[in-house]
Amino acid sequence: MRVGVGLPTTLPGADGKLVIEWARMADEGPFSSLGVLDRLTYDSYDPFTPLAAAAAVTSRVLLATTIVVGPLYNTPILAKMAASIDALSGGRFVLGLAVGARQEDYEAAEVDYRTRGRRLAEQLAVLRTLWEEARGPSSGRPGGPPVLVGGTSDVVYSRMARYTDGYVHGGGPPRAFARAADKARSAWSDAGRPGKPQIWGQGYFALGGDEVREQGMAYLRDYYAFTGPFAEKIAAGLLTTPQAIAGFLRGYEEAGCDEMVLFPASPDIAQLEQLAAVLTTLRVTA
Amino acid sequence: MTQNPKSKTQNPKSIRVLGAGPAGLYFALLAKKADPSCAITVIERNPADVTYGWGVVFSDRTLASFQRADYKTYERITENFVIWDAIDVRYRGETVRCGGHVIASISRKLLLNILQERCAELGVNMVFGREIHDLAELDGSYDLLVAADGINSLARRQYEGEFKPRTEMGRARYIWLGGDKVLDAFTFIFHETEHGLFQVHAYPYSGTSSTFIVECAQDTWQRAGLDRATEEESLAFCQRLLNDDLHGAYLLSNNSRWISFTTLKTKHWHTTIQNLKSKIQNIVLLGDAAHTAHFSIGSGTKLAMEDAIALANALEQHPDIRKALDEYELERKPVVETFQRAAHESQIYFETLKRYLVLDPVPFAFQLLTRSGRITYDDLHFRDARFGDMVDRWMHGRGEAGVAPPPMFAPLQLGTTCLRNRVVMSPIPGGDRAGTPGDGYIARLVECAEGGAGLMLAGTCAVSPEGRVTPADVGMYSELQGRAWSEAVEKVHASQGARIGVRLGHAGRRGSTRPRSEGLDRPLKEGNWPLISASPSPYTPTGQVPREMDRADMDRVRDDFVMSARIAHEASFDLLQLDFAHGYLLASFLSPLTNRREDEYGGSPENRARYPLEVLGAVRSVWVDRPLSVVVTATDYVKGGLEVEDAIELARMLKAGGCDLVQVHAGQTTPEAEPPYARGFLTPLADRIRNEAGVPTLVGGYLTTSNEANTVLAAGKADLCLMEI
Chain W
1 MRVGVGLPTT
11 LPGADGKLVI
21 EWARMADEGP
31 FSSLGVLDRL
41 TYDSYDPFTP
51 LAAAAAVTSR
61 VLLATTIVVG
71 PLYNTPILAK
81 MAASIDALSG
91 GRFVLGLAVG
101 ARQEDYEAAE
111 VDYRTRGRRL
121 AEQLAVLRTL
131 WEEARGPSSG
141 RPGGPPVLVG
151 GTSDVVYSRM
161 ARYTDGYVHG
171 GGPPRAFARA
181 ADKARSAWSD
191 AGRPGKPQIW
201 GQGYFALGGD
211 EVREQGMAYL
221 RDYYAFTGPF
231 AEKIAAGLLT
241 TPQAIAGFLR
251 GYEEAGCDEM
261 VLFPASPDIA
271 QLEQLAAVLT
281 TLRVTA
Chain Y
287 MTQNPKSKTQ
297 NPKSIRVLGA
307 GPAGLYFALL
317 AKKADPSCAI
327 TVIERNPADV
337 TYGWGVVFSD
347 RTLASFQRAD
357 YKTYERITEN
367 FVIWDAIDVR
377 YRGETVRCGG
387 HVIASISRKL
397 LLNILQERCA
407 ELGVNMVFGR
417 EIHDLAELDG
427 SYDLLVAADG
437 INSLARRQYE
447 GEFKPRTEMG
457 RARYIWLGGD
467 KVLDAFTFIF
477 HETEHGLFQV
487 HAYPYSGTSS
497 TFIVECAQDT
507 WQRAGLDRAT
517 EEESLAFCQR
527 LLNDDLHGAY
537 LLSNNSRWIS
547 FTTLKTKHWH
557 TTIQNLKSKI
567 QNIVLLGDAA
577 HTAHFSIGSG
587 TKLAMEDAIA
597 LANALEQHPD
607 IRKALDEYEL
617 ERKPVVETFQ
627 RAAHESQIYF
637 ETLKRYLVLD
647 PVPFAFQLLT
657 RSGRITYDDL
667 HFRDARFGDM
677 VDRWMHGRGE
687 AGVAPPPMFA
697 PLQLGTTCLR
707 NRVVMSPIPG
717 GDRAGTPGDG
727 YIARLVECAE
737 GGAGLMLAGT
747 CAVSPEGRVT
757 PADVGMYSEL
767 QGRAWSEAVE
777 KVHASQGARI
787 GVRLGHAGRR
797 GSTRPRSEGL
807 DRPLKEGNWP
817 LISASPSPYT
827 PTGQVPREMD
837 RADMDRVRDD
847 FVMSARIAHE
857 ASFDLLQLDF
867 AHGYLLASFL
877 SPLTNRREDE
887 YGGSPENRAR
897 YPLEVLGAVR
907 SVWVDRPLSV
917 VVTATDYVKG
927 GLEVEDAIEL
937 ARMLKAGGCD
947 LVQVHAGQTT
957 PEAEPPYARG
967 FLTPLADRIR
977 NEAGVPTLVG
987 GYLTTSNEAN
997 TVLAAGKADL
1007 CLMEI
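As they're listed, the protein sequences go chains W and Y.
Its first residue numbered 1, the first sequence is counted upward by one per residue in the working numbering.
Its first residue numbered 287, the second sequence is counted upward by one per residue in the working numbering.
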């Protein structure tokens, strides 16, 4: 399993300097990818611009959206932005898409919330064609970047197997991931697709003691406030010690996760350094 | 339980509990223990000593949670319960026993006595014999109302708009009886009578008595005249029914009636309302007031008492009542919902179990024990090695003693062909431009055969160039291909007796697409060939519109299948399979979603099956001496499409048409299908087709472990398992 790190783009207070420095340092560290999340009505960056900036200061890591709320975007423009980041990064972009779960983002974007699933399916059906028709800089990859899908309903898995290259899980304990990964592989096999789907996981971390932990949990409660009392469960899943990270990574690895993206819950470059140190130790002891 | 000193001062000071059943009493005593300063009153409409019901069952896990919650209650329960480790399945006059389960039971009356006693010790105020008709009747002020007043909960009914309950009635009828017979195992009894099947769930709950729940289908119940029977007549009927099982003991009735099981789900488990005096009131539902789950999977009392523990814990830990109620609901609702899903499946299982009456006692018992999907072959083998060995021996057709390999290694006779075991493998084919199998692909087939699989399944081979899905599809329509396949078959046969079959298909409207590595059903960039289908509608909105097949097309395609079958026969394949699934050509005739024809090949199920059956018949006439299989779509997973009942009917027609083995697929008839993908998602469909149409089945659906295969096979749900590579 490869391990990447999330950019602090949905953390209130993360300034541009931090985001870019974060990307540069991650590229030098033990990380395989940089992930971004998508949230419209929140104190956050859009998912694409920071990855474009990251493309300029990195040369190695994958740049991935885990995920972009596809239906919020006009499809040809979405395809164009994705192809552009792919070209800017020399073919390091991964487009993860899902419908998201926040109705207010749809209202803010003036997009119908009810038909979001159908809209995502339509987007998945045409993205490759748009890229093949060279709707992007021709210096990007010819068929476009790899596409992943996220979400939890049954239909997500058939769409994943029909149109895309893999699945992005939304987070949670390894057992929940294992069930979702089985569904993804089951759909893939049923579709007769050769090989295996890429399966990505994600988690949140905050290292460095009680204060950072409380800050991180408060952030998660706020970011996921729309889920009601469930936000508390998400906050409780925050990884706050090297042992917790080690156990979490092992659980995901055993469940066949290909790439794990760990997102910060505190906008501090020290978080990245501490995570890098933990990962380095784990690799050494492994 | 952890003590949080900060929270003490803000905890509820006064709690009313409606209902002195196990949930209400247990909650009251736990909450009182956690905060002795809290005034807790339990109000019950019945007198203290009146109770209905016989015994209640607890698993070892539930008992462990009792131990943590209140040791004194736990101690008194365990001093009085009966515990046993065996499950007996009595069927066709035989008893199959499986040990190693830990189940405990106690009389409901005794349980209530223990809880009442403990409540009294701790200072819980209990008011019996007071019936409340409206929550406004509750006097005084209180911070929290706990509605533990059962399935007909007054509080839930009064605030139905807030709690949003939904109920569903089961289709079977059952009656809850006691008996002065001490069983030594949890006992399932099945009796086929002239009225229909009766099934009994029975278990001991004291040194003198057992509970007997007698259940039957609605129509059986009516045929037996039980819909008109008095309590005494029902009791007498059950006494006669269980005569051989009771050995002279008597069944007892306690106001017992035949009822249908009501499953209750509630959207919200707590609410905050303003009463007439504009006072804010918190109401929370506990146990049966919030949810019920079919008795076949465990007792509602267990869930109710677990609710009580969770609610008492949440109140202890959270200073704010509403937050505590949120926490309680958040913790318990997912657990209960998971339990309810399992219970629902179990309920459906017992309501539709009739199809398993074709099985012998050993597989019958095995499928019963593994019905929930949570207990597997390995689990049972571990719990009771003797039972596991018996299952293995049965699969191998061996007698009373000794050991046999696991079920997946049992040989299978299919027509004149014997497969060495139950494992089928089918690597994804790769061909070259001429449609011949590539060297890499042949090597994979040989590798799997050498790995020990009993049957290799090659293909899908197109029956003509027009019938290919993608340009690189392997085919069975040229001499060159025949020779290449012949070599492949020879290599597989050389490896320790593996057999090899081949699937023949025609893509229909799913043809002329790019390789599946680029996604499904994407038309070629260039060089597309014309498509045919039962009706002229494209597979995807942007796909090529196929031509509706006319009779000349049908003749040609049928002859292509026959010619391919001859080539496959010549190449020495051991088994031939025809593709009637996944929305390809022959499938497009079968589903009403894709067949809009108005001639004799469209409309009724018989008409839609007419052409595929014609192809089967024509192929059977040239493939005489070896097994013939068909892969079918067991359900379309689309409203208005084929459902499993249609597939069962089709399987009967296929069997009559000479099909020896049905492979079960599902979905992909149209791209809108939403299959519930998971490990083994096809198994329930294979089970129904096998046991209702009486035809051997082959099932895949992402099976990757020997444990999954052994569980499917020993339970008689399929005869062969397609394992993932």
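The beta-carbon is built from N, C-alpha and C at its ideal position, and this holds for glycine as well.
Owing to the predicted nature of the structure, the values given are computational and were not obtained by experimental measurement.
Discussion item. To be precise: take each residue of the region 188-211 of chain W, compare its Cβ to all Cβ atoms of chain Y, and keep it if any distance is under 8 Å. Which residues remain?
Written reply: 189, 190, 191, 192, 193, 194, 195
Worksheet item: Mind pulling the chain Y residues with CB within less than 9 Å of residue 233 (chain W)?
Response: Those are 616, listed as they occur along chain Y.
Discussion item. Does residue 1003 (chain Y) pass the burial test, meaning 16 or more other C-beta atoms within 10 Å, or should it be called exposed?
Written reply: buried
Worksheet item: DSSP three-state call for residue 383 (chain Y): helix, strand or coil?
Response: strand
Discussion item. So that I know if they touch, is there some Cβ in chain Y lying closer than 8 Å to that of residue 80 (chain W)?
Written reply: Not an interface residue.
Item to complete: Starting from the beta carbon of residue 797 (chain Y), find every residue of chain W whose beta carbon is closer than 9 Å, and list them in chain order.
Response: Ordered by position in chain W, no residue passes the 9 Å Cβ test against residue 797 (chain Y), which lies about 14 Å from the chain.
Discussion item. Cβ closer than 9 Å: which chain W residues qualify as neighbours of residue 806 (chain Y)?
Written reply: Neighbours of residue 806 (chain Y) on chain W, chain order: 161, 162, 163, 191, 192, 193.
Worksheet item: What does residue 987 (chain Y) touch in chain W if you count any residue whose Cβ is under 9 Å from its own?
Response: 186, 189, 190
Item to complete: Would you verify that the beta carbon of residue 138 (chain W) is, or is not, closer than 8 Å to some beta carbon of chain Y?
Response: No, because no Cβ of chain Y sits closer than 8 Å to the Cβ of residue 138 (chain W).
Discussion item. For residue 993 (chain Y), list the residues DSSP reports as bridge partners.
Written reply: Residue 993 (chain Y) is not bridged to any residue.
Discussion item. Please classify residue 439 (chain Y) as buried or exposed, where buried requires at least 16 other C-beta atoms within 10 Å of its C-beta.
Written reply: Counting Cβ neighbours within 10 Å, residue 439 (chain Y) comes out buried, since at least 16 surround it.
Worksheet item: CA-CA distance, residue 48 (chain W) and residue 65 (chain W)?
Response: Rounded to whole angstroms, residue 48 (chain W) and residue 65 (chain W) show a C-alpha spacing of 8 Å.
Practice prompt. Return yes when the Cβ of residue 459 (chain Y) is within less than 8 Å of the Cβ of residue 504 (chain Y), no when it is not.
Written response: yes
Discussion item. For the region 956-984 of chain Y, list every residue whose C-beta sits within 8 Å of some C-beta in chain W, in sequence order.
Written reply: 957, 959, 960, 961, 962, 963, 964, 965, 967
Discussion item. Short of 7 Å Cβ to Cβ, which residues in the region 775-802 of chain Y face chain W?
Written reply: Shown in chain order are the members of the region 775-802 of chain Y whose Cβ falls below 7 Å from a Cβ of chain W: 802.
Item to complete: Please check if any C-beta of chain W sits within less than 8 Å of the C-beta of residue 918 (chain Y).
Response: no
Fill in: Three-way DSSP call (helix, strand, coil) for residue 271 (chain W) in this model
Three-state result, residue 271 (chain W): helix.
Worksheet item: Nearest to residue 377 (chain Y) by alpha carbon, out of Y:820, Y:616, Y:950, Y:649?
Response: The option with the nearest alpha carbon to residue 377 (chain Y) is Y:649.
Worksheet item: By how many angstroms is the C-alpha of residue 694 (chain Y) removed from the C-alpha of residue 1041 (chain Y)?
Response: The requested residue 1041 (chain Y) does not occur in the structure, where chain Y is confined to residues 287 to 1011.
Worksheet entry | Option in Y:824, Y:724, Y:766, Y:706 with minimal Cα separation from residue 782 (chain Y) | Y:706
Worksheet item: From this set, W:251, W:264, W:228, W:107, which residue's C-alpha is nearest residue 554 (chain Y)'s C-alpha?
Response: W:228
Worksheet entry | Environment of residue 766 (chain Y) [buried if 16+ CB atoms lie within 10 Å] | exposed
Discussion item. Between residue 1003 (chain Y) and chain W, is any beta-carbon pair separated by less than 8 Å?
Written reply: no
Practice prompt. Using DSSP bridges, identify the partner residues of residue 1009 (chain Y).
Written response: Y:989
Worksheet entry | Chain-ordered neighbours of residue 994 (chain Y) on chain W, where CB pairs are closer than 8 Å | Simply none; closest approach about 11 Å.
Item to complete: Provide the residue span of the beta strand (DSSP E) that contains residue 551 (chain Y), from first to last.
Response: 548-552
Worksheet item: Would you call the region 398-414 of chain Y and the region 314-322 of chain Y in contact, with 3 or more CB pairs under 8 Å?
Response: yes
Worksheet item: For residue 748 (chain Y), which residues from the same chain have a beta carbon less than 6 Å from its beta carbon, with the 5 sequence-adjacent residues on both sides left out?
Response: 754, 759, 761
Worksheet item: By DSSP, does residue 325 (chain Y) sit in helix, in strand, or in coil?
Response: strand
Worksheet item: Can you list the residues of chain W that residue 631 (chain Y) reaches, using a CB-CB cut of under 8 Å?
Response: Residues of chain W passing the Cβ test: none, with the nearest at roughly 17 Å.
Worksheet entry | Backbone CA spacing between residue 13 (chain W) and residue 448 (chain Y) [nearest angstrom] | 40 Å
Item to complete: Note down, one range per segment and in chain order, each alpha helix (DSSP H) of at least 4 residues found wholly within the region 28-91 of chain W.
Response: 48-57, 75-88
Worksheet item: To the nearest angstrom, how far is it from the Cα of residue 119 (chain W) to the Cα of residue 80 (chain W)?
Response: Straight-line Cα distance between these residues: approximately 18 Å.
Worksheet item: For residue 128 (chain W) and chain Y, any beta-carbon pair shorter than 8 Å?
Response: yes
Item to complete: Note down, in chain order, each residue of its chain lying with its Cβ closer than 7 Å to the Cβ of residue 796 (chain Y), except the 5 sequence neighbours on either side.
Response: 755, 807, 825, 869, 870
Worksheet item: Taking 8 Å as the CB-CB limit, is residue 272 (chain W) close to chain Y?
Response: no
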